[in-house]
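To keep things clear, I will list the structure first and then write my remarks on it.
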Amino acid sequence: MTAATLRYLSRSDIAGLGGDHSDFYMEAVEAGFRLHATGDFVQPLKPYLRSPRTNHIADRIIAMPAWIGGDRPMAGLKWIGSKHDNPAARGLARASAVIVLNDPETNYPVAVMEAGLVSAMRTAAVAGLAIRHLAREGFSDATILGCGPIGAHQAAMLAEQFPTCRRLTLFDLRPEAAEDLSAHLRDRFPHLAVCLAPSAEAAVRDAPVVITCTVTDTPYLPFAWLARGTLLANVSIMDVERDVFLKADKVVVDDWDQSNREKKIINLLVEAGEFSRERLHAELGEIIVGRKAGRENDDEIILLNPMGMAIDDIACARAILARAEAADAGTVLPLF
């Protein structure tokens, strides 16, 4: 690859390289967290671009830049847009994205790839890595709240990565979304028993693993719903009420600086003097490298609050590019 060319990878290109299975992303995201834990990265705070003509929390475009080190340093940017009414109004997925990779030696762009798939899969991989370290060993049941594309990828990750998980409970405010995802999962993973809950509370109570995948801007999930030993992966960020952060035995984030901003729950608690970096148990990378403990007993209630890191996206994109170069996949375009 020369500085005067750019490799373009479509979603189908990425899937053809193995980018449609969670194994690939679990490995790449773990590598990203290890770089994070050792400080071999640069990750500016991501800016949110919002139109003044909408005030929905899911209507925004986010720029997520990062530089990562390791064996092959790489710089890049994920540019991810979201519009809450895309599915109903336009027949489109809510979120769309591209990733641009730059060679750090020249700072020339070397690749552009569709990143809606990458973004959803790496989000599932973050939860998967947290489950490895923070869930009760051998858990057999899990719950997913929100049955859109993010929920679907989380469900697939659970089925592919955790063979002891044999029962999955789904809830969505739109019952048809839960029914559609249930049918899809039964076809793809016949070993997985899928059931629909009548309410979020019914889905959460007694579940050892709970993953939120909604677009809510109003917290609704209180500490009282959580059984002893639950891991709650607050993937969609705004679902969990303040008392969960204050009463959980351990609170874990992917990156403290990214989490303590944008008037999210942690930021509000910090501003109120109720939470702090010192009260945080760990960043996930610290647990992965063994610097901090993960789950220490079956009774702990643990909250994961992952804001989403550009490091994860660039680590995944770097791994995809390496496979694409080896297979000469995608389309090589001239820059000039």
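Count the sequence shown with our numbering and you get residues 48 to 383, in order. All residues carry an ideal CB built from backbone N, CA and C; glycine is no exception.
Worksheet item: Roughly how many angstroms separate the alpha carbons of Ala254 and Leu278, rounded to a whole number?
Response: 9 angstroms
Discussion item. Can you tell me where the alpha helix (DSSP H) holding Leu293 begins and where it ends?
Written reply: 289 to 294
Worksheet entry | Met121 in three-state terms, based on DSSP | strand
Worksheet entry | Helix, strand or coil at Tyr55 according to DSSP, with G and I counted as helix | strand
Discussion item. Taking 8 angstroms as the threshold (beta carbon to beta carbon), is Asn102 in contact with chain D?
Written reply: This model lacks chain D altogether; it includes just one protein chain.
Discussion item. So, for Pro134: in the same chain, excluding its five sequence neighbours on each side, which residues have a beta-carbon less than 8 angstroms away from its beta-carbon?
Written reply: Ala140, Arg141, Gly195
Item to complete: Could you name the residues that DSSP lists as bridge partners for Arg214?
Response: Asp188, Ala240
Discussion item. In this structure, how does DSSP classify Ala340 when only helix, strand and coil are distinguished?
Written reply: coil
Worksheet entry | Continuous beta strand (DSSP E) assignments of at least 3 residues falling wholly in the segment 150 to 189 | 156 to 161
Discussion item. Contact defined as beta carbons within less than 8 angstroms: I believe Ile358 pairs with His83. What is the distance between those atoms, to the nearest angstrom?
Written reply: 6 angstroms
Worksheet entry | Neighbourhood of Pro91 by C-beta, 7 angstroms cutoff - its chain only, sequence neighbours within 5 removed | Pro112
Worksheet item: Just the Cα atoms here: how many angstroms apart are Trp272 and Tyr95?
Response: 32 angstroms
Discussion item. Taking DSSP's pairing of strands, which residues face Glu330 in a bridge?
Written reply: Val300
Fill in: Sub-8 angstroms separation of Met285 and Ile61 beta-carbons
no
Item to complete: Find the nearest neighbour of Thr85 within the set Arg338, Ala364, Asn344, judged by alpha-carbon distance.
Response: Arg338
Discussion item. For Met48 and Glu372, what's the separation of their Cα atoms in angstroms?
Written reply: Confidence at Met48 is low in this model, with a pLDDT of 46, below 50, so the placement of that residue should be treated as unreliable; the coordinate-derived value is given next. So the alpha carbons of these two residues sit roughly 8 angstroms apart.
Item to complete: Indicate the three-state DSSP secondary structure (helix, strand or coil) for Arg235 in the structure shown.
Response: helix
Worksheet item: Closer than 7 angstroms: is that where the CB of Ile115 sits relative to any heavy atom of the ligand PLP?
Response: No copy of the ligand PLP appears in this structure; indeed no ligand is present at all.
Discussion item. Can you give me the C-alpha to C-alpha distance between Gly175 and Val300, rounded to a whole angstrom?
Written reply: 14 angstroms
Worksheet entry | Spatial distance of Phe270 from Leu56 (CA atoms) | 43 angstroms
Worksheet item: Residues in its own chain within less than 6 angstroms of Arg179 by CB, not counting five upstream and five downstream?
Response: none
Fill in: Ile109, enclosing beta strand (DSSP E) - first and last residue
107 to 115
Worksheet entry | Own chain partners of Glu333 with C-beta closer than 6 angstroms, once the 5 adjacent residues on each side are dropped | Ala84, Lys339
Item to complete: Helix, strand or coil for Asn314, going by three-state DSSP, please let me know.
Response: helix
Item to complete: Under 8 angstroms by Cβ, that's how I've got Leu53 and Val159 pegged, so tell me the actual separation to the nearest angstrom.
Response: 6 angstroms
Discussion item. Suppose the cutoff is 7 angstroms on Cβ atoms and the five residues either side in sequence are ignored; what does the same chain contact list for Leu380 look like?
Written reply: Thr52, Leu53, Tyr55
Item to complete: Examine the Cβ distances between the segment 209 to 221 and the segment 181 to 197 and report whether three or more of them are shorter than 8 angstroms.
Response: yes
Discussion item. Comparing C-alpha positions only, which one of Met204, Arg100, Ser59, Pro156 sits nearest to Tyr72?
Written reply: Met204
Discussion item. I need the straight-line Cα distance from Leu148 to Arg137, nearest angstrom please.
Written reply: 30 angstroms
Practice prompt. Hey, could you find the ends of the beta strand (DSSP E) Pro381 is sitting in?
Written response: 378 to 381
Worksheet item: DSSP beta-bridge partners for Asn352?
Response: Val300
Fill in: Expected contact under 8 angstroms - CB spacing of Glu347 and Lys297 to nearest Å
6 angstroms
Worksheet item: In whole angstroms, what separates the C-alpha of Asp67 from that of Ser59?
Response: 9 angstroms
Discussion item. If you measure between the beta carbons of Phe88 and Ile115, is that distance less than 8 angstroms?
Written reply: yes
Worksheet item: Is it right to say Cys260 is buried, meaning 16 or more other beta carbons lie within 10 angstroms of its own, or is it exposed?
Response: buried
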